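Notes follow once the structure below has been shown.
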Amino acid sequence: MAIKAVFFDIDGTLVNDMKKVQRSTQKAITEMKKQGILVGLATGRGPGFVAPFMENLGLDFAVTYNGQYIITRDKILYQNQLPKSLIYKAIKFASAKRMEISLGSADGLLGSNIINMGTSPVGQLISALVPKKWTKSVERSFKHLVRRFKPQNSQYLMTMMRQPVYQIVLITTKTQVLKDEFPTATVTRSSPYSADMISKDQSKLKGIARVGEVFGFELSEVMAFGDSDNDMEMLSGVGVAVAMGNAKEELKKIAHYITETNNKDGIAQALAHFGLIHVEQEKIFGSRDDNFNRVKDFHQCMDGQTCEMPRIYDLEEAGHRADFKVEEIVEFLYAASAGNPKTFKKAVENLHQALDKAVFKIENKNEAVENLLVAQVDALTDMLYLTYGSFVLMGVDPKPIFDTVHESNMGKIFPDGKAHFDPITHKILKPDDWEKHFAPEPAIKRELDRQIQKAKMKQSQKEK
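Count the sequence shown with this note's numbering and you get residues 810 to 1273, in order.
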């Protein structure tokens, strides 16, 4: 089903860690708008905070305060005030527990100076830089520091609760305590330092459904982006769920797609992946696998070009690629036989038998290959996985070894400044002096000696 509306969380999603909307995201939103796709926000922030984003980006609507308050650029679509009894109880509870609290009005958060500071751009930036394991310590220290200068004023809050309140925000890392104390409310969090409290039957997802009733789309026609706890239900209920690369692991598990982080054009990447935008992309795509990117750099340097569209190997080219791999397998067996001619010959005979066995297995499956690209990619991925498994069982970290081999391969440029190839297999040839200057074996030995020494030290420490 076609996507008719796209919703973004704000912190950690729409904005990067510097609290800016990336240029690629701005272009992507413009492109979607041209195609008639509706674009909005779904956030724990209030309407006053989101208004500049809506105006500057030309957004259609915003589900704010986790579904409690929904707006377009020119009108209020929905609002749900919290009952005064809940607000009163929350203020009293916070006062008794010395817990900072703020009340979310249509104009913004009222109450805690700590929360106001924490939700500011500077506070959000500092929050992003603090390691998660320090969260509780930072929370306690920060509260004590600010309270010395600007203590929480409960009487002020009692006055402020007379106006409509749509969300309660408390500084705490103990979400379950709030859930137990306030069973008639929904407690969620978009920050490691604070918790949001809203009505029991409210959420971002229900807010999106309400917007759909007005603008004519179903939840199955929605794509949503998020990174935090208060995005769980939203991503569970929409047609296409995208978790940012910086999202919590729990959120990534339920997402249909995990994109790059909010600092690395994650929104534009995902929208392009699903074909919603046609913003001009880089001519050469990059992978999140750095080793892949380095090999791609190697081929770009040697061949002058790379393949930017998934394609199928024809049988002749696939045969050449298989030949390269078989050569390395034979070298592996030769090393395992310690160069002994008799044992090496036996190992090669076993390899032939393994090959015959594999051929027999495939032929007896008698299955048609329905998708050639899928079948080829599946086989290559299994080889890659098995190679990593071999390193695991060998107890060797392959990353520094790979770096060494990559540097050696980059030395295959001939004195004329070009790469030379085998005319039949297109295999890259080695210059005459390559062994002398670029052979990787000495560097590999040094790295393996280092890994062995490190492992021995760990083992001796365990034995003490």
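All C-beta atoms in this analysis are idealised placements derived from N, C-alpha and C, irrespective of residue type, glycine included. Bear in mind the structure is a predicted one, so any value in this text is a computation, not a measurement.
Residues near residue i in its chain [Cβ-Cβ closer than 6 Å; skip 5 each side]
i, result
"S833", "D1074, A1077"
"T1234", "H1129"
"V931", "At V931, the pLDDT of 44 sits below 50, so the modelled position is not reliable and the matter cannot be decided from this model."
"R956", "Confidence in R956 is poor, its pLDDT being 47 and thus under 50, which makes the residue's placement too unreliable to answer from."
"Y878", "P856, Q888, Y975"
"S929", "Confidence at S929 is low in this model, with a pLDDT of 49, below 50, so the placement of that residue should be treated as unreliable; the coordinate-derived value is given next. Excluding sequence neighbours, S929 sits near nothing in its chain."
Of the residues the options, the one placed nearest residue i, counting alpha carbons only
i, options, result
"G849", "R907, I838, N1175", "I838"
"L1080", "M841, V830, V1157", "M841"
"G1220", "P1251, K1254, F1107", "F1107"
"G855", "N889, F1223, K1245", "N889"
"V1214", "D916, V974, L847, R1103", "R1103"
"K843", "L1085, K1105, N1173, K893", "L1085"
"D820", "A814, T873, D869", "T873"
"L1182", "L866, N825, K988, A1127", "A1127"
"I900", "I980, G845, V824", "I980"
"V1135", "Q1260, E1117, A1163", "A1163"
"D1212", "N1180, P1240, P1249, F1200", "P1249"
"T1070", "D826, I1261, Y965", "D826"
"L1014", "A814, G1198, Q1109, F1133", "A814"
"G881", "K893, G1021, E1158", "Looking at the sequence itself, residue 881 is Thr, so the reference to Gly does not match. The option with the nearest alpha carbon to T881 is G1021."
"M1111", "D1225, K828, R1120", "D1225"
"K988", "R1019, F902, K1062, P1251", "F902"
"I812", "I846, V824, K829", "I846"
"F1026", "E1244, P1240, F816", "F816"
"T982", "T995, Y965, Q964, P1001", "P1001"
"K1227", "T1115, N1149, Q1109, M1266", "Q1109"
Whether residue i touches residue j by CB criterion (7 Å)
i, j, result
"T1274", "K1009", "The requested residue 1274 is not part of the displayed model; the chain covers only 810 to 1273."
"V1031", "G1016", "no"
"G1046", "L1028", "yes"
"D1038", "T997", "yes"
"G917", "G857", "yes"
"S1217", "F1169", "no"
"T822", "F1153", "no"
"D818", "T852", "yes"
"E1276", "S1012", "Residue coverage of the chain in this structure runs from 810 to 1273, which leaves residue 1276 outside it and unanswerable."
"V986", "D1005", "no"
"V974", "L912", "yes"
"M967", "I896", "no"
"I1007", "Q972", "no"
"F1230", "I1237", "yes"
Those residues which DSSP pairs with residue i across a bridge
i, result
"M1006", "I977, V996"
"L1014", "The partner list for L1014 (beta bridge, DSSP) is empty, contrary to what the question assumes."
"I910", "L979"
"A811", "BP columns for A811 are empty, so no partner."
"I1237", "F1230"
"V1049", "M1032"
"V872", "A851, I879"
"Y887", "I879"
"V1020", "V1020 pairs with nothing; no bridge assigned."
"V824", "V830"
"G920", "S911"
"F817", "L850, F1034"
"I1067", "A1052"
Own chain partners of residue i with C-beta closer than 7 Å, once the 5 adjacent residues on each side are dropped
i, result
"V1023", "L886"
"R1130", "Y1122"
"I1210", "I1253, E1256"
"I1261", "none"
"D1206", "Q1260"
"I935", "Here the model assigns I935 a pLDDT of 45, short of 50, so the residue's position is not dependable, and the following value carries that caveat. Once the five neighbours on either side are set aside, I935 has no close Cβ partner at all."
"M863", "A871, R882"
"F1200", "P1207"
Whole-angstrom C-beta distance between residue j and residue i, which should lie under 8 Å
i, j, result
"E1117", "F1141", "Contact doesn't hold; Cβ gap of about 32 Å is too wide."
"D1036", "A1056", "4 Å"
"Q831", "L866", "The pair is not a contact, with the Cβ atoms about 12 Å apart (cut-off 8 Å)."
8 Å Cβ shell around residue i - same chain, five flanking residues per side excluded
i, result
"H1066", "The residue asked about is misnamed: residue 1066 is Tyr in this sequence, not His. Same-chain partners within the cutoff: V1049, A1050, V1051, A1052, A1079, H1082, F1083."
"V1139", "V1157, L1160"
"L1044", "A1033, G1035, A1050, V1051, A1052, L1060, I1063, A1064"
"Q1185", "I1121, Y1122, A1127"
"A1264", "G1204"
"N1180", "none"
"S914", "G855, M969, Q972, P973, V974, Y975"
Min CB distance residue i to chain C below 7 Å
i, result
"E1244", "Here chain C cannot be found, since the structure has a single protein chain."
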